[in-house]
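Residue numbers (UniProt numbering): 1 to 251. Glycine included, every Cβ here is placed at the ideal spot set by N, Cα and C.
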Amino acid sequence: MSFPNIILFGDSLTEQGFNYAQHGFVASLSSDYVRRADVLNRGLSGYNSTWLLPFLEEVLAAQTAPVLLWTLWVGANDACLPSYVFNVPLPTYKQNLSQMISMIRSHEPSKDAKILIITPPPIDKKMLFVHHRRQGKDRDPKVTECYAEAAREVAKETGSGLLDYFKMLDSAAREEAGTVEGDEVTLEGWATDGLHLAGKGYELLYEEFTKYVTENWPEISASKIPLVKPWVGDLEVVKEWAESKAMESEV
(Lines of atoms letter the chains of each structure in order from A and count residues from 1; the text may use other names and numbers.)
(Lines give C-alpha, C1' and ligand atoms only; values in the text may rest on other atoms or scores of the structure.)
Protein backbone atom coordinates (compact mmCIF):
# COMPACT_ATOMS: atom_id res chain seq x y z
CA MET A 1 0.00 0.00 0.00
CA SER A 2 1.09 3.59 -0.47
CA PHE A 3 0.29 6.74 1.45
CA PRO A 4 -0.41 10.02 -0.33
CA ASN A 5 2.72 12.15 -0.46
CA ILE A 6 3.78 15.68 0.40
CA ILE A 7 7.02 16.51 -1.42
CA LEU A 8 9.29 19.28 -0.16
CA PHE A 9 11.71 20.22 -2.94
CA GLY A 10 14.65 22.58 -2.79
CA ASP A 11 18.19 23.18 -1.59
CA SER A 12 19.95 22.96 1.80
CA LEU A 13 17.17 24.89 3.54
CA THR A 14 14.88 21.98 2.74
CA GLU A 15 17.51 19.26 3.21
CA GLN A 16 18.28 20.52 6.72
CA GLY A 17 14.58 20.64 7.49
CA PHE A 18 14.86 17.11 8.90
CA ASN A 19 17.28 18.33 11.58
CA TYR A 20 15.24 17.65 14.69
CA ALA A 21 17.77 19.43 16.91
CA GLN A 22 17.00 22.65 15.00
CA HIS A 23 13.24 22.01 15.01
CA GLY A 24 13.36 21.42 11.27
CA PHE A 25 10.01 22.05 9.59
CA VAL A 26 10.19 18.79 7.61
CA ALA A 27 10.47 16.81 10.83
CA SER A 28 7.58 18.76 12.36
CA LEU A 29 5.37 18.19 9.31
CA SER A 30 6.26 14.50 9.25
CA SER A 31 5.02 14.25 12.83
CA ASP A 32 1.78 16.07 11.97
CA TYR A 33 1.04 13.87 8.96
CA VAL A 34 2.19 10.53 10.38
CA ARG A 35 -0.24 7.78 9.36
CA ARG A 36 -1.97 10.24 7.05
CA ALA A 37 0.62 11.13 4.38
CA ASP A 38 4.32 10.55 3.79
CA VAL A 39 6.35 13.76 3.88
CA LEU A 40 9.31 13.39 1.51
CA ASN A 41 12.41 15.55 1.80
CA ARG A 42 13.88 16.20 -1.64
CA GLY A 43 16.39 18.91 -0.79
CA LEU A 44 19.92 19.01 -2.22
CA SER A 45 22.41 21.20 -0.38
CA GLY A 46 24.23 23.72 -2.56
CA TYR A 47 22.07 23.23 -5.65
CA ASN A 48 20.68 26.13 -7.64
CA SER A 49 17.54 26.04 -9.79
CA THR A 50 19.42 24.99 -12.94
CA TRP A 51 20.99 22.00 -11.21
CA LEU A 52 17.70 21.10 -9.54
CA LEU A 53 15.78 20.79 -12.83
CA PRO A 54 17.25 17.39 -13.84
CA PHE A 55 16.84 16.20 -10.26
CA LEU A 56 13.16 17.10 -10.41
CA GLU A 57 12.87 14.98 -13.56
CA GLU A 58 14.26 12.01 -11.63
CA VAL A 59 11.95 12.61 -8.67
CA LEU A 60 8.91 12.80 -10.94
CA ALA A 61 9.92 9.66 -12.85
CA ALA A 62 10.16 7.67 -9.62
CA GLN A 63 6.95 9.04 -8.10
CA THR A 64 3.90 6.76 -8.27
CA ALA A 65 1.86 7.64 -5.18
CA PRO A 66 -0.61 10.54 -5.47
CA VAL A 67 0.84 13.86 -4.33
CA LEU A 68 -1.17 16.25 -2.15
CA LEU A 69 1.32 19.12 -2.05
CA TRP A 70 4.63 20.23 -3.53
CA THR A 71 6.74 22.96 -1.99
CA LEU A 72 9.38 24.68 -4.13
CA TRP A 73 11.92 26.46 -1.93
CA VAL A 74 14.56 27.45 -4.44
CA GLY A 75 16.70 30.54 -4.99
CA ALA A 76 19.03 30.96 -2.02
CA ASN A 77 21.98 29.68 -4.08
CA ASP A 78 20.86 31.28 -7.34
CA ALA A 79 21.17 34.62 -5.53
CA CYS A 80 24.95 34.38 -5.14
CA LEU A 81 26.73 37.23 -6.90
CA PRO A 82 27.48 36.73 -10.63
CA SER A 83 31.19 36.01 -10.11
CA TYR A 84 30.37 32.83 -8.18
CA VAL A 85 29.55 29.44 -9.71
CA PHE A 86 26.24 29.07 -7.87
CA ASN A 87 24.73 32.19 -9.44
CA VAL A 88 21.80 31.86 -11.82
CA PRO A 89 20.75 35.11 -13.56
CA LEU A 90 17.40 36.43 -12.38
CA PRO A 91 15.51 35.84 -15.69
CA THR A 92 16.83 32.26 -15.84
CA TYR A 93 15.83 31.67 -12.22
CA LYS A 94 12.28 32.74 -13.02
CA GLN A 95 12.23 30.55 -16.11
CA ASN A 96 13.54 27.55 -14.15
CA LEU A 97 10.96 27.99 -11.40
CA SER A 98 8.16 28.27 -13.96
CA GLN A 99 9.45 25.17 -15.73
CA MET A 100 9.41 23.22 -12.46
CA ILE A 101 5.76 24.12 -12.00
CA SER A 102 4.91 23.04 -15.56
CA MET A 103 6.70 19.72 -15.05
CA ILE A 104 4.79 19.04 -11.84
CA ARG A 105 1.43 19.94 -13.35
CA SER A 106 1.95 17.59 -16.29
CA HIS A 107 2.86 14.70 -13.95
CA GLU A 108 -0.06 12.30 -13.52
CA PRO A 109 0.39 11.51 -9.78
CA SER A 110 0.64 15.28 -9.15
CA LYS A 111 -2.31 16.37 -11.31
CA ASP A 112 -4.39 17.37 -8.27
CA ALA A 113 -1.46 18.54 -6.12
CA LYS A 114 -1.21 22.00 -4.66
CA ILE A 115 2.03 23.87 -5.36
CA LEU A 116 3.49 26.24 -2.78
CA ILE A 117 6.43 28.50 -3.63
CA ILE A 118 8.49 29.60 -0.63
CA THR A 119 10.61 32.71 -1.11
CA PRO A 120 14.32 32.48 -0.24
CA PRO A 121 14.97 33.98 3.21
CA PRO A 122 16.88 37.19 3.94
CA ILE A 123 20.57 36.86 4.75
CA ASP A 124 22.74 38.39 7.46
CA LYS A 125 25.98 39.34 5.72
CA LYS A 126 27.88 39.98 8.94
CA MET A 127 27.01 36.53 10.30
CA LEU A 128 27.95 34.93 6.99
CA PHE A 129 31.36 36.59 7.06
CA VAL A 130 32.04 35.42 10.62
CA HIS A 131 31.03 31.81 9.91
CA HIS A 132 32.13 31.50 6.28
CA ARG A 133 34.49 34.28 5.25
CA ARG A 134 34.01 33.60 1.55
CA GLN A 135 30.23 33.65 1.85
CA GLY A 136 30.38 37.09 3.37
CA LYS A 137 31.57 38.25 -0.04
CA ASP A 138 29.53 36.11 -2.44
CA ARG A 139 26.09 37.29 -1.34
CA ASP A 140 24.31 40.60 -0.93
CA PRO A 141 21.05 41.15 1.01
CA LYS A 142 19.57 43.37 -1.70
CA VAL A 143 20.29 40.79 -4.39
CA THR A 144 18.62 38.05 -2.35
CA GLU A 145 15.60 40.33 -1.97
CA CYS A 146 15.38 40.58 -5.78
CA TYR A 147 15.20 36.78 -6.03
CA ALA A 148 12.46 36.71 -3.40
CA GLU A 149 10.53 39.23 -5.50
CA ALA A 150 11.06 37.07 -8.59
CA ALA A 151 9.60 34.08 -6.73
CA ARG A 152 6.56 36.19 -5.85
CA GLU A 153 6.13 37.08 -9.51
CA VAL A 154 6.30 33.44 -10.60
CA ALA A 155 3.71 32.44 -8.01
CA LYS A 156 1.35 35.12 -9.32
CA GLU A 157 2.00 34.32 -12.99
CA THR A 158 1.45 30.59 -12.53
CA GLY A 159 -1.40 30.72 -10.02
CA SER A 160 0.67 28.88 -7.42
CA GLY A 161 0.49 29.34 -3.68
CA LEU A 162 3.02 31.68 -2.07
CA LEU A 163 4.58 31.59 1.37
CA ASP A 164 6.56 34.82 1.53
CA TYR A 165 9.11 33.66 4.05
CA PHE A 166 11.50 36.48 3.13
CA LYS A 167 9.03 39.07 4.40
CA MET A 168 7.96 36.94 7.36
CA LEU A 169 11.47 36.37 8.67
CA ASP A 170 12.63 39.90 7.86
CA SER A 171 9.68 41.36 9.77
CA ALA A 172 10.04 39.04 12.78
CA ALA A 173 13.79 39.61 13.05
CA ARG A 174 13.46 43.39 12.74
CA GLU A 175 10.73 43.53 15.35
CA GLU A 176 12.81 41.51 17.79
CA ALA A 177 16.01 43.51 17.21
CA GLY A 178 14.31 46.89 16.91
CA THR A 179 15.84 47.62 13.50
CA VAL A 180 14.03 49.69 10.89
CA GLU A 181 13.61 49.36 7.13
CA GLY A 182 16.78 50.39 5.36
CA ASP A 183 19.09 49.00 8.02
CA GLU A 184 20.58 45.54 7.45
CA VAL A 185 18.60 42.88 9.28
CA THR A 186 20.28 40.84 12.01
CA LEU A 187 19.39 37.14 12.10
CA GLU A 188 21.07 36.25 15.40
CA GLY A 189 18.97 33.48 16.92
CA TRP A 190 17.04 32.96 13.67
CA ALA A 191 19.88 31.58 11.56
CA THR A 192 22.92 29.50 12.39
CA ASP A 193 25.32 31.27 10.03
CA GLY A 194 23.43 34.13 8.41
CA LEU A 195 21.77 31.91 5.79
CA HIS A 196 20.79 28.50 7.15
CA LEU A 197 18.02 28.48 9.71
CA ALA A 198 18.28 27.89 13.43
CA GLY A 199 15.45 26.38 15.45
CA LYS A 200 13.58 29.66 15.82
CA GLY A 201 13.74 30.26 12.07
CA TYR A 202 12.34 26.82 11.29
CA GLU A 203 9.66 27.20 13.96
CA LEU A 204 8.47 30.41 12.29
CA LEU A 205 8.40 28.65 8.92
CA TYR A 206 6.45 25.70 10.33
CA GLU A 207 3.90 27.97 12.01
CA GLU A 208 3.36 30.05 8.87
CA PHE A 209 3.26 26.96 6.65
CA THR A 210 0.57 25.22 8.70
CA LYS A 211 -1.39 28.47 8.95
CA TYR A 212 -1.27 28.94 5.17
CA VAL A 213 -2.39 25.39 4.42
CA THR A 214 -5.19 25.53 7.01
CA GLU A 215 -6.51 28.83 5.66
CA ASN A 216 -6.08 28.21 1.93
CA TRP A 217 -6.20 24.45 1.44
CA PRO A 218 -7.97 23.07 4.52
CA GLU A 219 -8.73 19.79 2.76
CA ILE A 220 -5.03 18.83 2.91
CA SER A 221 -4.33 20.05 6.44
CA ALA A 222 -3.24 17.19 8.69
CA SER A 223 -6.42 17.21 10.77
CA LYS A 224 -8.60 16.76 7.66
CA ILE A 225 -6.80 13.75 6.18
CA PRO A 226 -8.16 10.46 7.55
CA LEU A 227 -5.91 8.03 9.35
CA VAL A 228 -4.65 5.07 7.37
CA LYS A 229 -6.31 1.98 8.92
CA PRO A 230 -8.82 2.11 11.78
CA TRP A 231 -7.91 3.88 15.02
CA VAL A 232 -7.21 1.41 17.82
CA GLY A 233 -9.70 3.24 20.03
CA ASP A 234 -12.41 1.80 17.78
CA LEU A 235 -11.47 -1.69 18.89
CA GLU A 236 -14.38 -3.51 17.27
CA VAL A 237 -13.68 -1.83 13.95
CA VAL A 238 -10.00 -2.80 14.20
CA LYS A 239 -10.91 -6.42 14.98
CA GLU A 240 -13.38 -6.59 12.09
CA TRP A 241 -10.80 -5.15 9.72
CA ALA A 242 -8.06 -7.57 10.86
CA GLU A 243 -10.42 -10.55 10.62
CA SER A 244 -11.54 -9.58 7.12
CA LYS A 245 -7.92 -9.32 6.00
CA ALA A 246 -7.14 -12.71 7.52
CA MET A 247 -10.07 -14.25 5.64
CA GLU A 248 -8.89 -12.68 2.38
CA SER A 249 -5.43 -14.18 2.80
CA GLU A 250 -6.92 -17.65 3.26
CA VAL A 251 -8.83 -17.49 -0.02
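Open item on the list: Relative to the C-alpha of A172, which candidate in F3, V67, E188 and V39 has its C-alpha closest?
Closed with: Distance from the Cα of A172 is smallest, within the candidate group F3, V67, E188 and V39, for E188.
- [ ] Could you tell me the boundaries of the beta strand (DSSP E) in which W51 lies?
- [x] Run containing W51: none in the beta strand (DSSP E); it sits in the alpha helix (DSSP H), S49 to A62.
- [ ] Decide if R35 is buried, meaning its Cβ has at least 16 other Cβ atoms within 10 Å, or exposed.
- [x] The residue is exposed, with fewer than 16 neighbouring Cβ atoms inside 10 Å.
- [ ] To the nearest angstrom, report how far apart L13 and S45 are at their CA atoms.
- [x] S45 has its alpha-carbon roughly 8 Å from the corresponding atom of L13.
TODO: Pick helix, strand or coil for N5, following the three-state DSSP scheme.
DONE: Three-state result, N5: strand.
- [ ] From the DSSP output, in three-state form, read off V88 for me.
- [x] If DSSP states are grouped into helix, strand and coil, V88 belongs with coil.
- [ ] Would you tell me roughly how many angstroms separate the C-alpha atoms of I123 and P141, rounded to the nearest one?
- [x] Whole-angstrom Cα-Cα distance: 6 Å.
- [ ] Measuring alpha carbon to alpha carbon, tell me which of G17, L90 and T214 ends up nearest N77.
- [x] The candidate whose alpha carbon is nearest that of N77 is L90.
Task: Residue from M100, E243 and I115 with nearest C-alpha to L68 - done: Residue I115 holds the alpha-carbon nearest to the alpha-carbon of L68 among M100, E243 and I115.
Task: E236 to N87 span [Cα, whole Å] - done: Between the C-alpha atoms of E236 and N87 there is a straight-line separation of about 59 Å.
Task: One or two residues paired with K114 in a DSSP bridge - done: Bridge partners of K114: L69.
- [ ] Assign L35 to one of three DSSP states: helix, strand, or coil.
- [x] The sequence given here places Arg at residue 35; Leu does not occur at that position. R35 carries a coil assignment under DSSP once its states are collapsed to helix, strand and coil.
- [ ] Can you check DSSP and say which residues form a bridge with N41?
- [x] In DSSP, N41 forms a bridge with L8.
TODO: Please classify G161: does DSSP put it in a helix, a strand, or coil?
DONE: Look at G161 here: in three-state DSSP terms it is strand.
- [ ] Could you tell me if Q99 is buried or exposed, where buried requires 16 or more neighbouring beta carbons within 10 angstroms of its beta carbon?
- [x] Burial call: exposed.
Open item on the list: Here's the rule: buried if 16 or more other CB atoms are within 10 angstroms of the residue's CB, otherwise exposed. What is M1?
Closed with: Counting the other CB atoms within 10 Å of its CB gives M1 a total below 16, which places it among the exposed residues.
- [ ] Give me whichever residues DSSP pairs with E188 in a beta bridge.
- [x] DSSP, once it has assigned bridges, lists A191 as partnering E188.
Open item on the list: Could you check whether the stretch 40-57 touches the stretch 5-19, counting it as contact only if at least three pairs of C-beta atoms, one from each stretch, sit closer than 8 Å?
Closed with: The answer is yes - the stretch 5-19 touches the stretch 40-57, with three or more Cβ pairs under 8 Å.
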